[in-house]
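In the numbering used here, the protein residues as written are 1 to 242.
By construction, the Cβ of each residue, glycine as well, lies at the ideal position given by its N, Cα and C atoms.
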């Protein structure tokens, strides 16, 4: 049984992030937060059909495709940073940490769309509201998890933190699957919540210092299926591994 998340309004996000370390927005809430119409966000979705396979999976799977690019958000200004490897310390990612992982960049025709900058500016405002006004170093990941091998793992590393200040997980779409339940836990306590994001452009926001998170494996509901997400992480001071 899929549990529906408790959506909040953008104005309540700062309070909820401070109180419980996470907040969930509906697609309409995301449109308000970013100043983007849903049709503008939907114009980004076809690019998920052209993601190269992730060659770094250590569990031997072939279920993940992705692209990765980096940006700096300072006030209302957004600029793309030179392409770089994605790197995480092993303390935050025991499975893939310590590796220089070079993924293909997000396509220029995606980055140039106004909705893309709107997403980045919206998250920059949330991060500054949570941690104080400053430049934000944002890593953006387009993910597709598929069920061609029978099962796909959105978080093969298990419940984790990302080593950043703010994590944003946008559900872009899910087709022909079951599973994919989101789980959020206190980093220093037993409390947790679980729910399933089902609506395109619904959003999970996480204060990465306070909570850990994971998404359960997906299985095909029929022939084949997939789950598409956009994950953006905001970090103060610089990119990880810089």
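Rounded to the nearest angstrom, the Cβ distance from residue 47 to residue 107 is 6 Å, consistent with a contact under 8 Å.
The three-state reading of DSSP puts residue 48 in helix, counting H, G and I together. When secondary structure is reduced to three states using DSSP, residue 207 falls in the strand class. Between the segment 29–36 and the segment 113–124, the count of C-beta pairs closer than 8 Å reaches three or more; the two stretches touch. Within the DSSP secondary-structure output, residue 184 pairs in a beta bridge with 193, 213.
Within the DSSP bridge table, the entry for residue 143 names 66, 229 as partners. When secondary structure is reduced to three states using DSSP, residue 34 falls in the helix class.
Between residue 24 and residue 5, the CB-CB gap stays under 8 Å. Here residue 52 has 65, 66, 67, 103, 104 as same chain residues with Cβ atoms under 8 Å from its own Cβ, once five neighbours each way along the sequence are excluded. For residue 147 against residue 219, the beta-carbon gap comes to about 6 Å, under 8 Å, which counts as contact.
In this structure residue 211 touches residue 21 by the C-beta definition: roughly 4 Å separates them, less than 8 Å. Taking residue 123 as reference, the option from 160, 109, 76 with the minimal CA-CA separation is 76.
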